[in-house]
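In this note's numbering, the protein residues as written are 991 to 1263.
Below is the structure:
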C-alpha cells in the first residue's frame, strides 16, 4: 500500500478538509497543529515537513493556517462535534474530496514524502563573551537562555526526536538538556558541531546527512558561527533555497532530508521566547 492522507468531514460546514483548527492562547503553531489533528481525528502524530500557509475568510473573519506533513503513529478515530467522518485516501483521490486545501496537498506531493527531520538549533542566550572571565566553553545560559531552553522542551517533542545531540559547550548542552530530560534521553556530545578551529561546516553537514540517512528524527544543538554555512551547504545541491541560513540564539531549522540525505525542506523557527 502506498502513502495515504486523511481527509475529514466537518458537519458544521458540510465539507471535506484537511485537519485544522484554532490555536490556544500563546500556543506555538506547530504544537497547536499536532494537538488539533489529534483532537479532530484521534490520531497521534510525528510532525515532519512544513508545507504551506493559506489565508481565507470564514464567517467574515480572515483565517490564516500553517500546515505540516505528519506521520500517524497511533490512535483511533471516533466521531466528534467537529469531525463526523474521515477517509484515508491516496493523494490524487484525496484532491477530489477537498474543497479548498488542494494547494497544500500539492505541496505535500511536490517533494519526497519519506523524510527524516533534523532539528538544528542554535544555543540559547548565554550572556556576553566579553563579560565572561572563564573558559568560554563553560559559559552558561543566562536567564533568558534558560527560559528559551524550557520553551524548546515544550515545542520540539511534537517531532518525536529519538536522539538529542550537542556541541561540546555548556551553553549548547544546557539548551537541549530540558528537552532530553522530558524525552527520557541522554544528551550526546558530538564535536563535529563545535565552532572550533578543527571543525568546519562541510564536516557538520556530512554528519547531519549521516544522521538523516539513519532514519530517525534528531535534535542537534550547535553554534552561530557554524550553522549558516552548514545549512547553505545542505541547500547547495537541492531545490531548497533559504532566504537566510542564519539562526538567532534559541532559534533553529527544521531540516527535512530524504532517504539519500538530500535536503528537501528547511523551515526556520525564531527563538520561542
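Here a beta-carbon is modelled for each residue, glycine too, at the ideal position from N, C-alpha and C.
{"Check": "Cβ separation of residue 1112 and residue 1240, assumed to be a contact under 8 angstroms, to the nearest whole Å", "Outcome": "7 angstroms"}
{"Check": "Under 8 angstroms between C-beta atoms of residue 1183 and residue 1210", "Outcome": "yes"}
{"Check": "Residue 1196 (DSSP reduced to helix, strand or coil)", "Outcome": "helix"}
{"Check": "Contact the segment 1091-1099 vs the segment 1223-1238: 3+ CB pairs below 8 angstroms", "Outcome": "no"}
{"Check": "Helix, strand or coil at residue 1082 according to DSSP, with G and I counted as helix", "Outcome": "helix"}
{"Check": "Nearest to residue 1263 (by Cα), restricted to the options 1082, 1030, 1256, 1115", "Outcome": "1115"}
{"Check": "Collapsed DSSP secondary structure at residue 1201 in the structure displayed", "Outcome": "helix"}
{"Check": "Extent of the continuous beta strand (DSSP E) run through residue 1064", "Outcome": "1051-1065"}
{"Check": "Per DSSP, the bridge partner or partners of residue 1040", "Outcome": "1058"}
{"Check": "Heavy atom of the ligand NAD within 7 angstroms of residue 1116 beta-carbon", "Outcome": "For the ligand NAD, the structure offers nothing, since it holds no ligand at all."}
{"Check": "The segment 1124-1140 touching the segment 1213-1229, judged by at least three CB pairs closer than 8 angstroms", "Outcome": "no"}
{"Check": "Contacting residues, own chain, Cβ-Cβ under 8 angstroms from residue 1119 (five flanking each side not counted)", "Outcome": "1126, 1129"}
{"Check": "Residue 1246 - partner residues in DSSP beta bridges", "Outcome": "1107, 1255"}
{"Check": "Presumed contact (8 angstroms Cβ cut-off) between residue 1108 and residue 1021, rounded CB distance", "Outcome": "That pair is no contact at about 19 angstroms."}
{"Check": "Residue 1032 versus residue 1202: straight-line alpha-carbon distance, rounded", "Outcome": "29 angstroms"}
{"Check": "Residue closest to residue 1065, alpha-carbon to alpha-carbon, out of 1170, 1087, 1220, 1035", "Outcome": "1035"}
{"Check": "DSSP-derived helix/strand/coil call for residue 993", "Outcome": "coil"}
{"Check": "For residue 1096, the first and last residue of its enclosing alpha helix (DSSP H)", "Outcome": "1092-1099"}
{"Check": "Distance, residue 1181 Cα to residue 1103 Cα", "Outcome": "31 angstroms"}
{"Check": "Best match in 1237, 1198, 1207, 1200 for proximity to residue 1215 [C-alpha to C-alpha]", "Outcome": "1237"}
{"Check": "Alpha-carbon to alpha-carbon, residue 1136 and residue 1142", "Outcome": "10 angstroms"}
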